[in-house]
Amino acid sequence: MLVNVENEFCHLEFLVDPLNGRLQMHAMRFHPSEGPLKFFMEQVEATAKIGEEEKAFIFSPTQLDGEAPATEPTSLYTAQIDWLKDTPEFDVTLKELQIEDRNLQNITFKFTKKD
Numbered sequence: 003m004l005v006n007v008e009n010e011f012c013h014l015e016f017l018v019d020p021l022n023g024r025l026q027m028h029a030m031r032f033h034p035s036e037g038p039l040k041f042f043m044e045q046v047e048a049t050a051k052i053g054e055e056e057k058a059f060i061f062s063p064t065q066l067d068g069e070a071p072a073t074e075p076t077s078l079y080t081a082q083i084d085w086l087k088d089t090p091e092f093d094v095t096l097k098e099l100q101i102e103d104r105n106l107q108n109i110t111f112k113f114t115k116k117d
């Protein structure tokens with residue numbers, strides 16, 4: 003699932019890693035040229051609204067192997083979510099992203115899992 007942020011400033015792609023119950027967030031740019039967008043935050047706070055219930059979760063900076071924690075700018079962040087396997091769709095809010103000179107707040111979208 004691809005999310006356009008701030009009118010093409012960047013895009014976030016969200017993918018489910020079914021083997022370990024993680025949600026991956028890949029940051030990328032398409033303009034002026036296509037490629038990964040690296041930034042560093044110790045964590046990206048998010049909430050999911052499932053029906054009337056709201057659940058908090060955290061994306062952590064991850065190296066491109068999808069496993070090892072990153073300590074430098076990266077384009078991949080992952081969140082371990084134990085309820086992800088049983089939840090086909092939910093509304094997401096990313097509380098804040100700090101990328102380059104921008105402070106992006108309350109990025110919202112509906113996540114729908116592909117079969």
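Every letter in the sequence shown is one number past the one before it in our numbering, and letter 85, counting from 1, is 87.
The beta-carbon is built from N, C-alpha and C at its ideal position, and this holds for glycine as well.
Minimum Cβ-Cβ distance from residue i to chain D less than 8 Å
{"i": "Lys40", "result": "Annotation note: the requested chain D is absent from the structure, which comprises a single protein chain."}
Beta-carbon gap between residue i and residue j smaller than 8 Å
{"i": "Thr49", "j": "Glu55", "result": "no"}
Rounded straight-line distance, which links the Cα of residue j to that of residue i
{"i": "Gly53", "j": "Gln100", "result": "29 Å"}
{"i": "Leu66", "j": "Ile60", "result": "18 Å"}
{"i": "Val94", "j": "Phe113", "result": "7 Å"}
{"i": "Thr80", "j": "Phe111", "result": "17 Å"}
{"i": "Ala70", "j": "Asn9", "result": "32 Å"}
{"i": "Cys12", "j": "Ser62", "result": "19 Å"}
{"i": "Ala120", "j": "Met43", "result": "Beyond the ends of the chain as shown, which are 3 and 117, falls residue 120; an answer cannot be given."}
{"i": "Glu102", "j": "His33", "result": "15 Å"}
{"i": "Asp84", "j": "Gly23", "result": "6 Å"}
According to DSSP, residues forming a beta bridge with residue i
{"i": "Ile83", "result": "In DSSP, Ile83 forms no bridge with anything."}
{"i": "Phe32", "result": "Phe32 pairs with nothing; no bridge assigned."}
{"i": "Asp93", "result": "Lys51, Lys112"}
{"i": "Lys57", "result": "Ala50"}
{"i": "Asp19", "result": "Arg24"}
{"i": "Ser62", "result": "Thr80"}
{"i": "Phe41", "result": "Thr76"}
{"i": "Glu98", "result": "Gln107"}
Classification of residue i by the beta-carbon crowding that lies within 10 angstroms, buried from 16 upward
{"i": "Phe92", "result": "buried"}
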